[in-house]
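These notes concern the structure reproduced below.
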Amino acid sequence: MWQLNKKATIRNIRLLYFLLTIGIILFACISVTIGVADITLGETFAIIRSKLMNSPLTSQISQGQQMIIWNLRIPRILMALLTGINLAVTGAVYQAIFRNDMADPYMLGVSSGASLGAAIGFCMGGFSPIYAFTGALIANGLVVLLSGLSGKISPIRLLLAGLAINYFFSAFLSFIRIQTEDKNLAVFIWGMGTLNAASYERVGILLLVTVPILLLFFVYRKELNMLLMGEEAAKAMGVDVTQVRKKLLILSSMLIATNVAFTGTIGFVGLIIPHVARLLFGSNYKRTLPLCGFFGMYFVLFCDNLARAVSKGGELPLGIVTALLGAPYFMYLIYRERKKVG
Amino acid sequence: MIKIQGLNYHVNDKPILEDICISFEKGKTYGIIGPNGAGKSTLLKHIMSLIKPPKHKIYYEGKDITDFKVKEYAKKVSFVFQENVREVDFSVHEILMMGRYTRMDLWGNIAQSDEEAIEAILEELHITALRNRKISTLSGGEAQKVFIGRALLQETPVLLLDEPTSMLDMHNGIEMMECIKGLKERHGLTVIMVIHDLNLAFYSCDELILLEGGKVVAKDASQSMTTSEILREVYQNKLKVIQEKGKNYIVPVMNY
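The listed protein sequences derive, respectively, from chains A and B. Residue numbering for the first sequence follows the UniProt record's numbering, starting at 1 and increasing by one per position. Residue numbering for the second sequence follows the UniProt record's numbering, starting at 1 and increasing by one per position.
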């Protein structure tokens, strides 16, 4: 009987993944039409078809429209999808390895590290993602080292270490801003998260980092499940906790640092999406991780559409929208925890 | 089977375990008893290598346990914790699957034979009906059985239990000890458990190790221990032995 149930569950999950895949493709197609320039879905498809099949376009579609769809919106949407997956999945990984529902890539210094790196890069002659990447990696590494990589990582120590590093790096950032006056406006806007610098080249680089790391995360799903049962329990069942944690932290930091270097800091995605996935489908990371990927894509794409739609003639930084939608949910989580304790 | 030679453990210069020397023989049930803070659970965690012992202090079948890889050692010794994480949304089946971690493939899948082993354990522990229930919805006794099942699924020759009855009432405590006794016989296990309830310890264990202040103060066959003077001293003479149908029972002595 249970075999039948199990098969039925597997079928349901596969059906869900299939529907979510179809859904995200449709959502991405609709998203391509959203923006200041008024381009219809039909015209969008015509542009894509002509680009893919190298066929001529009808005279009603201008070169400008073609450029907007092919060179601006499509890479932007691809970047949104990748960002959604990366932030949500890494958030879920962080929450399991620290056994802390509040763990989030940005809480662990990535944001301030990347911003400082970007600002330094700007001062040295021009912004380059490599500076942001290095900054994020250094800050994240310091937080992890401070919170005790080899021994038990206490959630409080982790949050305090994140706080200390964030303050320290932010102080440096403020110092640089004061010294360079308002020349760092681009870095400031980048710091709030934006997808407007997306290009096929950047999507390609991010994809090259994302695919192998996500694959490794999927291999480590069983260990992540065991870590949820506690460090000692995981070890007693055969998980080399120190090694697994080290590897996952290095992989997560690399993925987030690369992403942040191209998009700036986009908060709350890694915090709330894993919560929603767990709330709807349980703790098992075999399901949670892929679902986080899907939900992350939907959420970031939705927020980016909103960022482009609400601001006439321009766009809001994506990080502002994710924070406006994510922060209330975070507050609700704190309220729920308070009620539990009370 | 397991040999401890001169194990010491200090925390901030405070001795927690001092010069522990014990040998555990194959197929026996050992109880580690003693008052609070005696170092019982710390000793058990050293045996499981959850607290890494110094080199050449604990041996498993002649091999230093620090030379084992974590996965390799989890095939030799399993552990049932006093308190387990239960505020997770895993089903009983998912928890039991974790006991087969060392046999999982790269993607976390287990073989049909492992599924059959899980079903057999569910049946043996009489928890088949709980198979698809969430662990967070089970009672203390039911959950404890699931965690024992998870440890059994590691199919290790040695089973360690840290106060397996501490969260249970008297009736469930006795039932749990009977269950452990049956499992030990059927699976040919060596059992080492930390246990607070002295009567349960006397009647479930072959040998008892009495700890006080991090030191082994007595090691004897269970029945001999009931009349031990050292036991009375360790518990500050607040114990009394009574006889019932030829068996010794310990009762607490109240001074009011």
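Glycine included, C-beta positions come from ideal geometry on N, C-alpha and C. This one's a predicted model, so the numbers in the text were calculated from it and none came from an experiment.
Going by beta carbon distance, what residues of the same chain come within less than 8 Å of K340 of chain A, once the five residues before and after it are set aside? Low confidence applies here, because K340 of chain A scores a pLDDT of 49, under 50, leaving its location unreliable and the question unanswered by this model.
Rounded C-beta distance between I192 of chain B and I33 of chain B? I'm assuming under 8 Å. Rounded, the Cβ-Cβ distance is 12 Å, inconsistent with contact.
Q63 of chain A in three-state terms, based on DSSP: Under the three-state reduction of DSSP, Q63 of chain A is assigned to helix.
Output yes if chain A places a C-beta closer than 8 Å to the C-beta of D169 of chain B; else output no. Residue contact with chain A for D169 of chain B: absent (no Cβ-Cβ distance below 8 Å to any residue of chain A).
Kindly identify the DSSP beta-bridge partner or partners of V194 of chain B. BP columns for V194 of chain B point to B:I32 and B:D162.
How about K222 of chain A: is its C-beta nearer than 8 Å to some C-beta of chain B? Yes, its Cβ sits closer than 8 Å to a Cβ of chain B.
CA-CA distance, F98 of chain A and G230 of chain A? Their Cα atoms are separated by approximately 9 Å.
Closest to M254 of chain B by CA distance: which of B:E244, B:E116, B:K247 and B:K238 is it? Per the Cα distances, B:K238.
Reduced DSSP secondary structure (H/G/I, E/B, other) of K14 of chain B: The answer is strand: DSSP assigns K14 of chain B an E or B state.
Could you compute how far the alpha carbon of P328 of chain A sits from the alpha carbon of F268 of chain A? Roughly 10 Å between the two C-alpha positions.
Simplified DSSP state of A117 of chain B, which is helix, strand or coil: The answer is helix: DSSP assigns A117 of chain B an H, G or I state.
Through-space distance from K246 of chain A to I74 of chain A, alpha-carbon basis: If I take the Cα positions, the gap works out to 36 Å.
On the three-state DSSP scale, how would you describe D64 of chain B? D64 of chain B: strand per DSSP, three-state reduction.
Please say whether F169 of chain A and L116 of chain A have beta carbons closer to each other than 8 Å? In this structure, the beta-carbon distance from L116 of chain A to F169 of chain A falls below 8 Å.
Check the DSSP bridge columns for Y298 of chain A and list the partner residues they point to. The partner list for Y298 of chain A (beta bridge, DSSP) is empty, contrary to what the question assumes.
Mind listing the chain A neighbours of D64 of chain B? Cutoff is C-beta to C-beta under 8 Å, in chain order. Neighbours of D64 of chain B on chain A: none; closest Cβ ~17 Å, over 8 Å.
Would you kindly check if the distance between the Cβ of A233 of chain A and the Cβ of V85 of chain B is under 8 Å? Taking 8 Å as the Cβ cut-off, V85 of chain B and A233 of chain A qualify as a contacting pair.
Counting only Cβ pairs nearer than 9 Å, list the residues of chain A close to E18 of chain B. What E18 of chain B touches in chain A: nothing, since even the nearest Cβ is about 23 Å away.
Run of the beta strand (DSSP E) containing Q243 of chain B, from where it starts to where it stops: That run of the beta strand (DSSP E) goes L239 to E244.
Report yes if the C-beta distance between H93 of chain B and R150 of chain B is below 8 Å; otherwise report no. Against a cut-off of 8 Å, the Cβ pair of R150 of chain B and H93 of chain B comes out as no contact.
For I4 of chain B, which beta-bridge partners are listed by DSSP? Paired residue(s): B:I22 and B:I58.
Where I250 of chain B falls: helix, strand or coil (DSSP): Note: I250 of chain B maps to strand in three-state DSSP.
Between Y249 of chain B and chain A, is the shortest Cβ-Cβ distance under 8 Å, so that the two count as touching? Answer no: the Cβ-Cβ gap between Y249 of chain B and chain A never drops below 8 Å.
Could you give the uninterrupted runs of the alpha helix (DSSP H) lying entirely in the region 153-180 of chain A, keeping only those of 4 residues or more? Listed in chain order, they are 155-179.
Measure the CB-CB distance between T44 of chain A and V32 of chain A and report whether it falls below 8 Å. Yes, Cβ-Cβ distance for T44 of chain A and V32 of chain A is below 8 Å.
Does DSSP put K215 of chain B in a helix, a strand or coil? K215 of chain B: strand per DSSP, three-state reduction.
By DSSP, does L153 of chain B sit in helix, in strand, or in coil? Here L153 of chain B sits in coil by DSSP.
Using the DSSP secondary-structure output, state which residues sit across from A221 of chain B in a beta bridge. The bridge partners DSSP lists for A221 of chain B are B:E207.
Look at the alpha carbon of N199 of chain B and the alpha carbon of Q243 of chain B, and state the distance between them as a whole number of angstroms. Straight-line spacing of the CA atoms in N199 of chain B and Q243 of chain B works out to 12 Å.
Going along chain A, which residues have a C-beta under 8 Å from Q154 of chain B? Residues of chain A passing the Cβ test: M237 and G238.
Option in A:H275, A:F27 and A:L301 with minimal Cα separation from L333 of chain A: Proximity to L333 of chain A across A:H275, A:F27 and A:L301 peaks at A:H275, based on C-alpha coordinates.
Three-state class that DSSP yields for Y101 of chain B in the structure shown: Reduced to three states, the DSSP call for Y101 of chain B is helix.
Thinking C-alpha only, which one of A:I24, A:P290 and A:A132 is nearest V262 of chain A? Checking the sequence shown, residue 262 of chain A turns out to be Phe, not Val. Closest in C-alpha terms to F262 of chain A, from the list A:I24, A:P290 and A:A132, comes A:A132.
V93 of chain A CB to nearest chain B CB: under 8 Å? No, its Cβ sits nowhere closer than 8 Å to a Cβ of chain B.
Below 7 Å on C-beta distance, what does T102 of chain B contact in chain A? Within chain A, the residues near T102 of chain B are G238.
Using the Cβ count rule (16 or more neighbours within 10 Å means buried), how would you classify N225 of chain A? A residue is called buried once 16 or more other Cβ atoms fall within 10 Å of its Cβ, and N225 of chain A is buried on that count.
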